[in-house]
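**Q**
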Amino acid sequence: MSWQYKLTSFAGAAAVATMMSGTFLTPATAEEIVLKMAVPDWPPTRIMKDMFDKQYKAPSGNTVKLEIDFIPWPDFYTRVNASLTSGEQKYNMAVSDSQWLGAFVEGGYFRKINDLIDADPALKAAMDDMHENVRNAYSTYPHKTANFYGFPQFPDVLVTFARKDILCNEEEQKNFQAKFNKKLPCTGEELDDLDWEMFENIGQFFQRKKGENLAGKPADDDFYGIAYQAGKGYDFSSMQINGFIWQNGGNTWDETQAPKGQAEGVVNSPEAVAALDHYLKLIQYMPPVAKTGTMDIFKSDELFREGKVALNVDWIGLGEASLSPETSKVSDKLVFGQAPGTRGADGKMIRWNNIGGQPFVLMTWNTDTQNKEAVDFVKWWLSKPVQTEYASKGGQSAMKSVYSDPNYVTYRPWNRAWAPSLDWQKDVWHVPQFFELLTQQQDQFDLAITGKQDAKTTLDNVAKFQQNLLTEAGLIAP
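Going left to right, the sequence shown walks through residues 4 to 481 as this note's numbering numbers them.
1. The alpha helix (DSSP H) spanning Gly-105 covers which residue range?
2. Could you tell me the distance, in whole angstroms, from the CA atom of Gly-347 to the CA atom of Asn-356?
3. Does the Cβ-Cβ distance between Phe-482 and Phe-226 come in under 9 Å?
4. Please state whether DSSP places Gln-176 in a helix, a strand or coil.
5. Would you check if the segment 46 to 58 and the segment 71 to 89 touch, i.e. whether three or more CB-CB distances between them fall below 8 Å?
6. Report the CB separation of Phe-362 from Gly-105 in whole angstroms; it is logged as a contact under 8 Å.
7. Indicate whether the contact test is met: 3 or more Cβ pairs, each with one atom in the segment 449 to 468 and one in the segment 168 to 182, closer than 8 Å.
8. Would you tell me roughly how many angstroms separate the C-alpha atoms of Leu-425 and Ala-140, rounded to the nearest one?
9. Ala-277: which of Gly-398, Tyr-144, Tyr-59 and Asp-457 sits nearest, CA to CA?
10. Closest to Thr-391 by C-alpha separation, out of Val-364, Val-378, Asn-410 and Val-381, would be which residue?
11. Quick one: give me the first and last residue of the beta strand (DSSP E) that Phe-164 is part of.
12. Measure the C-alpha to C-alpha separation of Gly-111 and Ile-205 and round it to an integer number of angstroms.
13. Rounded to a whole number of angstroms, what is the C-alpha to C-alpha distance between Ala-420 and Leu-441?
14. Would you kindly check if the distance between the Cβ of Ala-401 and the Cβ of Tyr-414 is under 9 Å?
15. Using the Cα positions of Ala-97 and Lys-185, report the straight-line distance between them to the nearest angstrom.
16. Should Gly-253 go down as buried or exposed, given a rule of 16 or more other Cβ atoms within 10 Å for buried?
17. Going residue by residue through the segment 243 to 331, where are the continuous beta strand (DSSP E) segments of at least 3 residues, counting only ones entirely within it?
18. Of the residues Asp-449, Pro-343, Lys-387 and Phe-437, which one's Cα is nearest the Cα of Asp-195?
19. Helix, strand or coil for Asn-483 per DSSP?
20. Taking the C-alpha atoms as reference points, what is the distance between Val-389 and Asp-257?
21. For the alpha helix (DSSP H) that contains Glu-200, what are its first and last residues?
22. Of all the options Asp-131, Trp-45, Pro-124 and Gly-454, which has the alpha carbon lying nearest to the alpha carbon of Tyr-282?
23. Under a three-way DSSP split, which group does Ala-41 fall into?
24. DSSP three-state label for Thr-32, please.
25. Out of curiosity, what's the CA-to-CA distance linking Ala-128 and Ala-313?
26. Taking the straight line between their C-alpha atoms, what separation do you get for Tyr-144 and Pro-262?
27. Report yes if the CB atom of Trp-318 is closer than 9 Å to the CB atom of Val-160, and no otherwise.
28. Exposed or buried, what is Asn-117 when buried is set at 16 or more other beta-carbons lying within 10 Å of its beta-carbon?
29. Could you name the residues of the same chain whose beta carbon sits closer than 8 Å to that of Lys-147, not counting the 5 residues immediately before and after it, in chain order?
30. Going by alpha carbons, who is nearest to Thr-66 out of Glu-35, Val-83, Phe-55 and Glu-91?
31. Among residues of its own chain, excluding the 5 on either side of Ser-24, which ones have a beta-carbon nearer than 7 Å to its beta-carbon?
32. Quick check on the DSSP output: the alpha helix (DSSP H) that includes Gly-191 runs from which residue to which?
33. Do Leu-217 and Val-378 have their C-beta atoms closer together than 9 Å?
34. Could you check whether Phe-157 and Gly-350 sit closer than 9 Å to each other, using their CB atoms as the reference points?
35. Using C-beta distances below 7 Å, list every residue in its chain close to Gln-469, excluding the 5 sequence neighbours before and after it, in chain order.
36. Of all the beta strand (DSSP E) runs that stay within the bounds of the segment 346 to 411, which reach a length of 3 or more residues?
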């Protein structure tokens, strides 16, 4: 068992008769309970562990310890999958990517939590307080049903990280205006209006060689205007490409339409092909590493913190490192906005993106006592004071009562982009076949990113594979 129970103390040596009342006081017992949890290794989980260690006291009176395996993101799925499928029952909780729900629910590992929610008014109130898009993505399987399996741990969205010292420079502003007849966005509000056309203009404009003038002085190294996810590993290109597809009127395979929804004719629609073409077109303005298929979320973040990129579209979960002088050369030069969108025919911005972040899940082998301690921990985590403090330390909250507080935008410079982004989040593939879908798609996208295959061939191959796989699985009717 991965939870360990140890007798640690008695309230007294034995029951002691009290002469005043004539009754007996029963000695209370307290146990030391270790919760073992698998989590990705990045700031949102490190902050959580630090807060737990310093603050958490179990309502039961037990001493509850959180024993965490911090696993690097690129290895996270494979290591958790190996543990669960081996039968070792190492973990009682995990921070799970939303796409894992179907595979691990059907595999018998993740516990349904409806009964726990229904039995606890405080927990139900917390779930009701969450933004619908977060709750659907992190909690439900089948997707968007009333079957709950996860509690949000850290919700996340893509935002634009930007260098205000570069963008606001008077000379760069003047030259950009002369070249494109547009104002170079500089403030957070102007970045909120950033569409992909402007994003491309910035990418083209800020390609500078080492020694060339950049914001009034010689560039220390080769400099580039833009960066975003273009990596073969895990889901690092899919999460960015999905947004392009949705924003351009295309779609991914929609599991909520099973078994009638199709992959062929949808995944490779003209709109989806045009969207992938647009995504690929912008790579020429990014640092050369993007063309090797290794521009994952960490690499683009690293390049931005090293001062080599003007704009980076990345997850809020990586933002803390950009603010610290110890890990960022540009910590005092930052401004943030919503992720770029596509401007519709009516001039309004279309901002669909693939939601990031993860839920907590409970394992099916937990005892009732173990689940009670886990639920008490989750309730503590989702309480308004804790969620507020988490946000103040660099986390995010899906709780409407927390992020709607006017103070929320003051906690971190990207928080002003948080609430407006939530309505534009979608998710994909909670089905058991997600990893096969993802791996094949990532391989195909990598061929396109590295220049070995065009957009239409890529999406034709993806659509055919998905159609066959999902038909065999009974998720698409023959």
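C-beta: ideal position from N, C-alpha, C; glycine also.
**A** Reading off the structure:
1. 104 to 109
2. 15 Å
3. Past the boundaries of the shown model lies residue 482; the chain is included only from 4 to 481, so the question cannot be answered.
4. helix
5. yes
6. The residue you asked about is not Phe; residue 362 is Pro in the sequence shown. Contact doesn't hold; Cβ gap of about 13 Å is too wide.
7. no
8. 12 Å
9. Asp-457
10. Asn-410
11. 161 to 166
12. 49 Å
13. 28 Å
14. no
15. 48 Å
16. buried
17. 312 to 318
18. Pro-343
19. A query on residue 483 cannot be resolved here, the shown segment of the chain reaching from 4 to 481 and no further.
20. 35 Å
21. 199 to 208
22. Gly-454
23. strand
24. strand
25. 42 Å
26. 15 Å
27. yes
28. exposed
29. Asn-139 and Thr-259
30. Glu-35
31. Because the pLDDT at Ser-24 is just 34, under 50, the model does not fix this residue reliably, and the point stays unresolved.
32. 191 to 195
33. no
34. no
35. Trp-256, Ala-266, Val-270 and Leu-440
36. 359 to 365
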